[in-house]
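J.: Taking my numbering, the leading residue of the sequence shown gets 2, the next gets one more, and so forth.
Where is the CB? At the ideal position from N, CA and C, for every residue including glycine.
I have a structure I would like to understand better, so I am pasting it below and will then ask my questions one at a time.
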Amino acid sequence: MNEMLRFLIIFYTIFAGISYFINAIPEEETLQLQFVQALWRHGDRAALFDLYPISEANWTFGGGGFGELTPNGMAQMHQLGGLFRKRYVTDNEFLRSRYSAKEASLHVLPTWCIIVLPFLSVPMYVKSTDSNRTIQSANALLYGFYPPGGWMIQGVDYPNVPDWSQGFTFIPIHVDVIEYCAAVQMCKCRRMNELEEKWAQLPEVQEVNDKINALNRKVAAYYGIPENEADQFSIYSDTWKCQRNHFNDTLYQKCHGTMRNFMKRH
């Protein structure tokens, strides 16, 4: 009898706990958006390396030079900002249509992370890495998120002067130093370095690296680069991609064929 009573007590205790937990879960209709976090990179950029027949002088976008944000990249970020505005301002009314520094905390991390906390009375905070293309990407995104419009008040949100773009206001962007990075590939990590060293010693990795080095030497010949100066595989592939987006040359067809055949085999 004591065993049966003990069993019933335990059973009803567990049953009551589960029932309470289930009832404590709010219905979907009663849920309210409290926190948003998104992660993204910068927009389309110029190549990072000089590779014949395109030199750094040919990259005139974003002020000119390697790695700068292109007009395509600006448009990409502007479009993304517009999507954020539609979702969090127009559709869900999560944020006001007019920029308010005290309405939310907006945190843009190195390769882009946006955190919106509308119920905290803290300034809006935008954060980026110390790079032209990421800072410009933040500007372009915010231009789409809070575009010039009638919701901005002259003399309050922007100056009441004739030559000022009507409805345009700046949103501060803070730059993070690499020591405090959170999502950037240049972060210093001792453990990552140890794992990379072990990874490079694996037989299967060394086999692939030998094939990549052979490909590098073959491709380098197309550009007149000596074998002992052949760059890394990633330099070629990234530079090709950027050049093909903005320039056209028959040389790419020959190199791209070699690259495509290699990728099919490996």
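Just tell me which of H43, N59 and G68 has its CA closest to the CA of L49.
T.: On the sequence shown, position 48 is the one that residue 49 refers to. Minimum Cα distance to L49 is reached at G68.
J.: What is the C-beta distance between Y89 and V37, in whole angstroms, given that I count them as a contact (C-beta under 8 Å)?
T.: Residue mapping note: residue 89 aligns to position 88 of the sequence shown, counting from 1. Residue mapping note: residue 37 aligns to position 36 of the sequence shown, counting from 1. Indeed, because the Cβ distance is near 7 Å, the residues count as touching under 8 Å.
J.: Helix or strand or just coil, what does DSSP make of V127?
T.: Position 126 of the sequence shown, counting from 1, holds the residue named residue 127. Reduced to three states, the DSSP call for V127 is coil.
J.: DSSP state of N249, grouped into three classes?
T.: Against the sequence shown, residue 249 aligns to sequence position 248. Residue state, collapsed to three classes: coil.
J.: Quick one: grab the DSSP three-state call for I55.
T.: Along the sequence shown, read from residue 1 onward, the residue named residue 55 stands at position 54. Reduced to three states, the DSSP call for I55 is strand.
J.: Who are the Cβ neighbours of R134 in its own chain at under 8 Å, not counting the five residues just before and after it?
T.: Along the sequence shown, one-based indexing puts residue 134 at 133. Once the five neighbours on either side are set aside, the close Cβ partners of R134 are H43, G44, R46, G63, G68, E69, L70 and G74.
J.: With DSSP collapsed to three states, give me the class of H175.
T.: Within the sequence shown, residue 175 is the residue found at index 174, counting from 1. If DSSP states are grouped into helix, strand and coil, H175 belongs with the strands.
J.: Relative to the alpha-carbon of G156, which residue among I236, G145, F169 and D131 has its alpha-carbon at the smallest distance?
T.: Taking the first residue of the sequence shown as 1, we reach residue 156 at position 155. It is F169 whose Cα lies nearest to the Cα of G156.
J.: Pick helix, strand or coil for V1, following the three-state DSSP scheme.
T.: It is not possible to answer for residue 1, since the shown part of the chain is limited to 2 through 267.
J.: Look at the alpha carbon of L203 and the alpha carbon of W60, and state the distance between them as a whole number of angstroms.
T.: As a working note, residue 203 is residue 202 in the sequence shown. As a working note, residue 60 is residue 59 in the sequence shown. About 39 Å.
J.: When you compare only the Cα positions, how much space is there between D158 and D239?
T.: On the sequence shown, position 157 is the one that residue 158 refers to. On the sequence shown, position 238 is the one that residue 239 refers to. Those two C-alpha atoms are separated by around 41 Å.
J.: Consult DSSP for Y224 and reduce its assignment to one of helix, strand or coil.
T.: Counted from its first residue, the sequence shown places residue 224 at position 223. Coil at Y224, not helix or strand.
J.: State the Cα-Cα distance for the pair G66 and D51, rounded to the nearest angstrom.
T.: For the purposes of this step, residue 66 is taken as the residue at position 65 of the sequence shown. For the purposes of this step, residue 51 is taken as the residue at position 50 of the sequence shown. For G66 and D51, the distance between alpha carbons rounds to 10 Å.
J.: Could you have a look at R218 and say whether DSSP puts it in helix, strand or coil?
T.: Sequence index remark: in the sequence shown, residue 218 carries index 217 (1-based). It is helical.
J.: Expressed to the nearest angstrom, what Euclidean distance is found between the alpha-carbon atoms of W200 and K212?
T.: For the purposes of this step, residue 200 is taken as the residue at position 199 of the sequence shown. For the purposes of this step, residue 212 is taken as the residue at position 211 of the sequence shown. Approximately 16 Å, taken between the alpha carbons.
J.: Go through its chain and collect everything with a Cβ distance to L34's Cβ below 8 Å, but skip five positions before and after it.
T.: Here residue 34 refers to the residue found at position 33 when the sequence shown is read from its first residue. If we look at L34 and ignore the five residues flanking it on each side, its Cβ neighbours are N93 and F95.
J.: Could you tell me the distance, in whole angstroms, from the CA atom of V123 to the CA atom of A76?
T.: By 1-based counting over the sequence shown, the position of residue 123 is 122. By 1-based counting over the sequence shown, the position of residue 76 is 75. Low local confidence applies: a pLDDT of 42 at V123 is under 50, so the model's placement there is unreliable, with the coordinate-based value given in what follows. The straight-line gap from Cα to Cα measures roughly 30 Å.
J.: Mapping DSSP to helix, strand and coil, what is Q155?
T.: For the purposes of this step, residue 155 is taken as residue 154 along the sequence shown, with counting starting at 1. Three-state result, Q155: strand.
J.: Per the DSSP calculation, L70 is bridged to which residue(s)?
T.: By one-based count along the sequence shown, residue 70 stands at place 69. Answer by DSSP bridge pairing, in chain order: R46.
J.: In whole angstroms, what is the alpha-carbon distance linking S129 and A139?
T.: Here residue 129 is taken as the residue at index 128 of the sequence shown, counted from 1. Here residue 139 is taken as the residue at index 138 of the sequence shown, counted from 1. Whole-angstrom Cα-Cα distance: 7 Å.
J.: If we define contact as Cβ-Cβ less than 7 Å, is Q207 a contact residue for chain C?
T.: The chain inventory of the structure shown lacks chain C, comprising one protein chain alone.
J.: Would you say F146 and R86 are within 7 Å of each other, going by their C-beta atoms?
T.: Residue numbering aside, residue 146 sits at position 145 when the sequence shown is read from its first letter. Residue numbering aside, residue 86 sits at position 85 when the sequence shown is read from its first letter. Yes, they are a contact pair.
J.: For Y53, collect the residues of the same chain with a Cβ closer than 6 Å to its Cβ; drop the 5 residues on either side in sequence, then sort them by chain order.
T.: Stepping through the sequence shown from its first residue, residue 53 is reached at position 52. These residues qualify, in order along the chain: Y224.
J.: Thinking just about the alpha-carbon of each residue, which of L32, L142, I55 and A39 is nearest to the one in R245?
T.: In the sequence shown, residue 245 corresponds to position 244, counting from 1. Answer by Cα proximity: I55.
J.: Classify N249 as buried or exposed, calling it buried when 16 or more other Cβ atoms lie within 10 Å of its own Cβ.
T.: Position 248 of the sequence shown holds residue 249. The residue in question, N249, is exposed, as its Cβ has fewer than 16 Cβ neighbours within 10 Å.
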